[in-house]
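Take 40 as the starting number for the sequence shown in the numbering used here and just add one per residue.
Some notes on the structure that comes next.
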Amino acid sequence: MYEAIRSKSVHSTAAGTTSDFPHRSREEELDIQLAGHLAALLAVTDELRALAPAADLDAAADRLAEQVTRLRAGRAPVRVPVSAASPEPHLAGLHRRAHTLAGRALVVAASRADTAAAILSAERMDAHSAALEPRELAAH
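This is the structure we're talking about:
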């Protein structure tokens, strides 16, 4: 025979009641993810600036900082100056890392339709790819 269920369903919280932890929208999650990728790219860019100063890296760092600040509702990213070590082998690795981070940022920016961040990410991918080309050809 059938007996009525006397205990509360484990699925009732998913259906209608709120839980104790905060929920974020998909857009908020993408903003957090994009800000993280851009902040990581900024850190690598700052390290590249310390090892091989260049005006284009300075401009890119400023633009990256602006985007991270925008995505974090006005909170500027933490920036730590990096001292130079052995530049040559380290530079290629940093450019590869920056290229990867810019690619990740581009994917997230495209999924949230953030044109400014997508353009900046694509430009950084191109710049780091171009910085690697002479080194990659010499290595082969």
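The beta-carbon is built from N, C-alpha and C at its ideal position, and this holds for glycine as well.
What you are looking at is a predicted structure, and each value in this text was computed from that prediction instead of being measured.
- Within the model, the alpha-carbon separation for residue 135 versus residue 168 is close to 8 Å.
- Within the segment 89-174, the alpha helix (DSSP H) runs of at least 4 residues that lie entirely inside it are, in chain order, 94-110, 126-150.
- At least 8 Å separates the beta-carbon of residue 103 from that of residue 69.
- In the three-state scheme derived from DSSP, where H, G and I count as helix and E and B as strand, residue 63 is classed as coil.
- Around the beta carbon of residue 84, 16 or more other beta carbons sit within 10 angstroms, so the residue counts as buried.
- Linking residue 89 to residue 131 through their CA atoms gives a straight-line distance of about 14 Å.
- By the neighbour-count definition (other C-beta atoms within 10 Å, threshold 16), residue 116 is a buried residue.
- If you compare the alpha carbons of 153, 147, 154, 171 with that of residue 75, the shortest gap goes to 147.
- The residue from 111, 81, 112 with its alpha-carbon nearest to that of residue 97 is 81.
- Within 10 angstroms of the beta-carbon of residue 62 lie fewer than 16 other beta-carbons, which makes it exposed.
- When the five nearest sequence neighbours on each side are left out, the beta carbons in the same chain lying within less than 8 Å of the beta carbon of residue 79 are those of 140, in order along the chain.
- With fewer than 16 other Cβ atoms from the protein chains shown falling within 10 Å of its own Cβ, residue 93 counts as exposed.
- Here residue 73 is not near residue 152, since their CB atoms are 8 Å or more apart.
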